[in-house]
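In order, the protein sequences belong to chains A and B.
FYI, the numbering used here numbers position 159 of the first sequence as 160, with every residue one higher than the one before it.
FYI, the numbering used here numbers position 237 of the second sequence as 242, with every residue one higher than the one before it.
Built from N, CA and C at the ideal position, the CB exists for glycine as well.
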Amino acid sequence: MRSAFSAFFRFLRVYARSPLAVIGLIGTVLVLLAAIFAPVLSPQNPYDLLQLDILESRLPPGEQAYAGFTFLLGSDGQGRDMVSAILYGLRISLIVGIGSAALAFVLGTLFGLTAAYIGGRVETFMMRLVDLQMSVPTILSALLILALLGKSIGNVVLAIVIVEWATYARTARGTALSQMRRDYVEAAKALRMGHANMILRQLLPNCISPLIVLLTMQIARAITLEATLSFLGLGVPITEPSLGLLISNGYELMLSGTYWVSLFPGIALLVTIFSINLVGDRMRQILDPKAAQR
Amino acid sequence: MTLWIFQRLLQAALVALAMAALLFLALQLIGSPVETLLPAEATHEERLRLIRDLGLDQPLHIQFLMFLKGMVQGNLGVSYVFKEPAVALILSRLPATLELALFAVLLSLIIGLPLGLIAGRRPHSLTAQTIMTGSILGFSLPIFWVGILLIMIFSVWLGWLPSSGRGQTVMVLGVGWSFLTWDGLRHLILPAFSLSLFNISMVTRLTESGVREAMSSEYVKFARAKGLAPRRILTVHVLKNVMIPVVTVVGLDIGTTIAFSVVTETIFAWPGMGKIIIDSIAALDRPVIVAYLMLVVLMFVLINLVVDILYRLLDPRIRLQGE
Numbered sequence: 002m003r004s005a006f007s008a009f010f011r012f013l014r015v016y017a018r019s020p021l022a023v024i025g026l027i028g029t030v031l032v033l034l035a036a037i038f039a040p041v042l043s044p045q046n047p048y049d050l051l052q053l054d055i056l057e058s059r060l061p062p063g064e065q066a067y068a069g070f071t072f073l074l075g076s077d078g079q080g081r082d083m084v085s086a087i088l089y090g091l092r093i094s095l096i097v098g099i100g101s102a103a104l105a106f107v108l109g110t111l112f113g114l115t116a117a118y119i120g121g122r123v124e125t126f127m128m129r130l131v132d133l134q135m136s137v138p139t140i141l142s143a144l145l146i147l148a149l150l151g152k153s154i155g156n157v158v159l160a161i162v163i164v165e166w167a168t169y170a171r172t173a174r175g176t177a178l179s180q181m182r183r184d185y186v187e188a189a190k191a192l193r194m195g196h197a198n199m200i201l202r203q204l205l206p207n208c209i210s211p212l213i214v215l216l217t218m219q220i221a222r223a224i225t226l227e228a229t230l231s232f233l234g235l236g237v238p239i240t241e242p243s244l245g246l247l248i249s250n251g252y253e254l255m256l257s258g259t260y261w262v263s264l265f266p267g268i269a270l271l272v273t274i275f276s277i278n279l280v281g282d283r284m285r286q287i288l289d290p291k292a293a294q295r
Numbered sequence: 006m007t008l009w010i011f012q013r014l015l016q017a018a019l020v021a022l023a024m025a026a027l028l029f030l031a032l033q034l035i036g037s038p039v040e041t042l043l044p045a046e047a048t049h050e051e052r053l054r055l056i057r058d059l060g061l062d063q064p065l066h067i068q069f070l071m072f073l074k075g076m077v078q079g080n081l082g083v084s085y086v087f088k089e090p091a092v093a094l095i096l097s098r099l100p101a102t103l104e105l106a107l108f109a110v111l112l113s114l115i116i117g118l119p120l121g122l123i124a125g126r127r128p129h130s131l132t133a134q135t136i137m138t139g140s141i142l143g144f145s146l147p148i149f150w151v152g153i154l155l156i157m158i159f160s161v162w163l164g165w166l167p168s169s170g171r172g173q174t175v176m177v178l179g180v181g182w183s184f185l186t187w188d189g190l191r192h193l194i195l196p197a198f199s200l201s202l203f204n205i206s207m208v209t210r211l212t213e214s215g216v217r218e219a220m221s222s223e224y225v226k227f228a229r230a231k232g233l234a235p236r237r238i239l240t241v242h243v244l245k246n247v248m249i250p251v252v253t254v255v256g257l258d259i260g261t262t263i264a265f266s267v268v269t270e271t272i273f274a275w276p277g278m279g280k281i282i283i284d285s286i287a288a289l290d291r292p293v294i295v296a297y298l299m300l301v302v303l304m305f306v307l308i309n310l311v312v313d314i315l316y317r318l319l320d321p322r323i324r325l326q327g328e
C-alpha cells in the first residue's frame with residue numbers, strides 16, 4: 002500500500018512539471034466540486050418555478066434580484082439566475098459525459114481484451130465489428146440512435162456508449178496483443194489460471210495505462226458530443242437542460258443582443274472540456290509517450 | 006497487389022452491405038410508416054392498398070432484398086415532406102456540403118501545416134508551447150459553440166461577414182458554387198472556419214510531432230552538414246516527409262468533416278444536405294434519412310478505400326509488408 006502511495010506521489014511530481022497541466026487539474030477539480038455542490042452554491046433552484054419571476058427576465062449581469070441575491074451572470078428569458086442554471090447544467094453535462102465514457106470504457110475494454118485473449122477467427126470477427134462501428138462518423142450514429150429512441154438522459158448515454166465503445170476495444174486489443182507473448186502470460190497459462198482471471202487480473206492491469214489516457218480524452222469528447230446533440234435538439238429533454246441545451250436556448254436571444262444567456266454556459270462548457278483535455282494530454286505525455294496523436 | 010486491391014474492394018462492399026442491413030433493422034424499429042402517410046379518415050381498403058404498394062405485406066427477407074434493389078437503382082422512395090425522390094433531393098444538396106467540407110479541409114492544411122512546422126522546429130520555445138496549448142484549446146471547442154461565437158463577433162458586433170446562407174453562386178457544370186464569387190466567399194469563410202477548427206488542431210499536432218521526429222533524423226543532419234539554409238531544410242526536406250501522414254489523416258477525415266457539417270449547416274443556415282437531415286429527423290422523413298445515411302456511409306467507405314490504395318502505391322515499404 003505504501004509503495005502504491007509513493008508511486009502516486011512520484012506520478013504527481015512528474016505531472017506537476019508542466020504548469021499548464023496543473024492549471025488543468027485545478028480546473029477539473031473545481032468544475033467537479035461546482036457540479037457536486039450545485040444546490041449549495043446556487044442562489045436559487047433554477048427549476049422551481051415558484052422561485053422564478055418573469056418580471057426579472059433578461060436582466061444583465063450585476064442586477065439585483067427581488068429575492069435578495071445578485072444576478073452575477075444575468076438572467077434568462079424566464080427570469081432564471083444564470084449562475085444557478087449553469088451549475089445545475091454542469092451537473093447534467095458531467096453525469097452524461099462521465100457516465101457514458103465510463104460505461105463505454107468498461108464494455109469496450111472487456112471486448113478488446115477478450116478478443117486478443119481468444120485470438121484466431123473469433124478475434125477477427127470481433128474486430129470486424131469494431132471496424133464496422135468505426136466506419137460511420139460518430140455524430141451520425143448518435144443522431145440516428147436518438148432519432149429512433151427519442152430524447153432522454155438515458156438514451157443520450159446509450160447513444161454515446163454505442164458510438165464510443167469501439168475506440169476502447171481497438172486500443173485494448175492492440176495493447177493486449179503485445180502482452181500476450183510476454184512471459185508472465187505464459188506463466189499464468191502454465192498455472193492453469195481461469196480465463197476470467199487471466200483477462201481481469203493479468204491482462205487488464207498491464208494494459209491499463211493507455212486506456213486511462215483514452216478514458217480522460219473520451220470524457221471530454223463525450224461531453225462535447227452530448228452538448229452538440231442537445232444543441233441540435235436531439236439530446237437531453239428540456240426539463241433537464243445540460244450546458245449544451247442552455248447555449249441552444251440562449252442562441253435566439255443572443256442575436257438580439259442578450260449575449261449572457263448563451264455566452265456564459267458556453268464559457269463554462271469550454272472551461273470544463275479544456276481542463277479535462279489538458280489533464281489528458283499531460284497523462285498521455287507521461288504514461289503513453291508513443292501513442293498516436295488522436 | 007491486384008489481388009490485394011480486389012480483397013480490399015470486397016471488404017468495402019461487405020461493410021456497405023452490413024451498414025445497409027443495420028439501417029434496415031433500425032427502420033424496422035421505428036415502426037411502420039403507414040400511420041404517417043395515411044390521412045386520418047382513410048378507409049381499411051386504402052390502408053391495405055398502401056401496405057401492398059410499399060411492399061410491407063412481404064416477409065422480412067424479401068423486404069430487405071427490395072430495399073437493397075432500391076438502393077442499387079438509386080430509388081429510395083419519395084420524401085414525405087418535400088414530395089420529391091429522396092436520392093435526388095439529397096444529391097441536389099450535395100455540392101453545397103462538399104464545397105463547405107473541402108474548403109474546411111483546405112483551411113486546416115493552410116493554417117495547420119505552418120503552425121505545426123513552427124512549433125516542431127523549436128519544441129521548447131514559448132511560441133511552440135503557445136501553439137500546442139492553442140491546439141488543445143482548438144479541439145476542446147465544440148463546433149457549434151465556435152460557430153455561435155464567430156457569428157456573434159463577426160456578424161453581430163463587427164458586422165463584417167454575413168451569418169447565413171450561401172450568397173451569390175456561379176453555375177459551373179450545372180451546379181451552383183459559392184467560392185467563385187466574392188459574395189459567396191464571404192458567406193463561406195465563417196462556416197468553413199468553424200468546421201475546420203478541430204482539423205486545424207489535429208494537423209498542427211501531427212505536423213509538430215512529425216517535424217520533431219524528422220529534425221533528429223540522419224537526412225536532416227546531412228542536409229545541415231551540406232550547409233543548406235535551415236528554412237530550406239524545413240520547407241522542402243522535412244515538409245515532404247511530414248506531408249504523407251498528415252495528408253492521409255486529413256483525407257480519411259473528409260468523411261467525418263462531411264458528417265459534422267450537419268452542425269455547421271444548422272447554425273449558418275447553409276443549404277446543404279446536413280440541414281435537410283436535421284429537418285428530416287425531426288419530421289421522421291424516412292426516405293430522406295435513409296438516402297442521406299447511405300450516401301455518407303458510401304462516401305466514407307470509398308474515401309477509406311482510395312486512401313488505403315494510394316497509400317500502398319505511394320509507400321513501397323507498406324506494400325512489401327502486406328504481401
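Looking at the DSSP output, V241 of chain B bridges to nothing. Beta-carbon to beta-carbon, R59 of chain A and M128 of chain A are separated by about 54 angstroms, too far to satisfy the 8 angstroms threshold.
Cβ contact annotation for D284 of chain B (same chain, cutoff 8 angstroms, sequence separation greater than five): V86, D290, in chain order.
Identification of chain A residues near M157 of chain B by a Cβ-Cβ cut-off of 7 angstroms yields M255, Y260, ordered along the chain. DSSP lists B:V83 as the bridge partner or partners of P90 of chain B.
Exposed is the label assigned to T7 of chain B, since fewer than 16 other Cβ atoms lie within 10 Å of its Cβ.
Cβ neighbours of A21 of chain B within its own chain (closer than 7 angstroms, five residues either side excluded): V302, L303, V306. At a cut-off of 7 angstroms between beta-carbon atoms, A228 of chain A makes contact with chain B.
Straight-line measurement puts the Cα of T209 of chain B at about 36 angstroms from the Cα of I37 of chain A. Membership of H129 of chain B in any alpha helix (DSSP H) is not indicated, and neither H nor E is assigned to it by DSSP. Less than 7 angstroms separates the beta-carbon of S76 of chain A from that of E57 of chain A. A straight line joining the alpha-carbon of G121 of chain B with that of F203 of chain B spans about 14 angstroms. The beta-bridge partner set that DSSP reports for E213 of chain B is empty. Here the alpha carbons of L298 of chain B and Q68 of chain B stand approximately 19 angstroms from one another. Taking a contact as a CB-CB distance under 8 angstroms, the pair V268 of chain B and T259 of chain A does not count as one, their CB atoms being some 23 angstroms apart. Listed as beta-bridge partners of D82 of chain A by DSSP are A:S76. Counting only the Cα atoms, K152 of chain A lies some 6 angstroms from P238 of chain A. If the five residues before and after E241 of chain A are omitted, its C-beta is found closer than 7 angstroms to the C-beta atoms of I93, I154, all from its own chain and listed in chain order. Pairwise C-beta distances place the stretch 196–214 of chain A out of contact with the stretch 141–152 of chain A, as fewer than three of them are shorter than 8 angstroms. Assignment of T48 of chain B by DSSP, reduced to helix, strand and coil, places it in the coil class. Identification of residues in the stretch 108–140 of chain B having a C-beta nearer than 9 angstroms to some C-beta of chain A yields Q134, M137, T138, given in sequence order.
With its beta carbon at least 7 angstroms from every one in chain B, F112 of chain A lies outside the interface. In the DSSP secondary-structure assignment, T71 of chain A is bridged to A:Q65.
Listed in chain order, the non-local C-beta contacts of P250 of chain B below 7 angstroms within the same chain comprise L211, G215, local neighbours out to five positions each way being set aside. Counted as a single uninterrupted DSSP element, the alpha helix (DSSP H) harbouring I286 of chain B occupies residues 278–288. Taking a Cβ-Cβ threshold of 8 angstroms, the residues of chain A close to G260 of chain B are P138, in chain order. Using a CB distance cut-off of 7 angstroms, L216 of chain A does not count as an interface residue toward chain B. About 13 angstroms separates the CB atoms of L246 of chain A and A269 of chain A; that is not less than 8 angstroms, and the two are not in contact. In the three-state reduction of the DSSP assignment, N46 of chain A falls in the coil class, being assigned neither a helical nor a strand state.
Between F273 of chain B and S113 of chain B, the C-beta gap is not smaller than 7 angstroms, which leaves the two residues out of contact. Proximity of A148 of chain A to chain B, defined by a Cβ-Cβ separation below 7 angstroms, is satisfied. In terms of beta-carbon proximity, T29 of chain A stays away from the interface with chain B, with every pair separated by 7 angstroms or more. Within 9 angstroms of the CB of V312 of chain B, no CB atom of chain A is found; the nearest one sits about 13 angstroms away. Restricting attention to B:L32, B:A18, B:G164, the CA atom closest to the CA of A296 of chain B is found in B:L32.
In this structure, the straight-line span from the alpha carbon of I158 of chain B to that of W182 of chain B is close to 26 angstroms. I286 of chain B has a beta carbon lying within less than 7 angstroms of a beta carbon in chain A.
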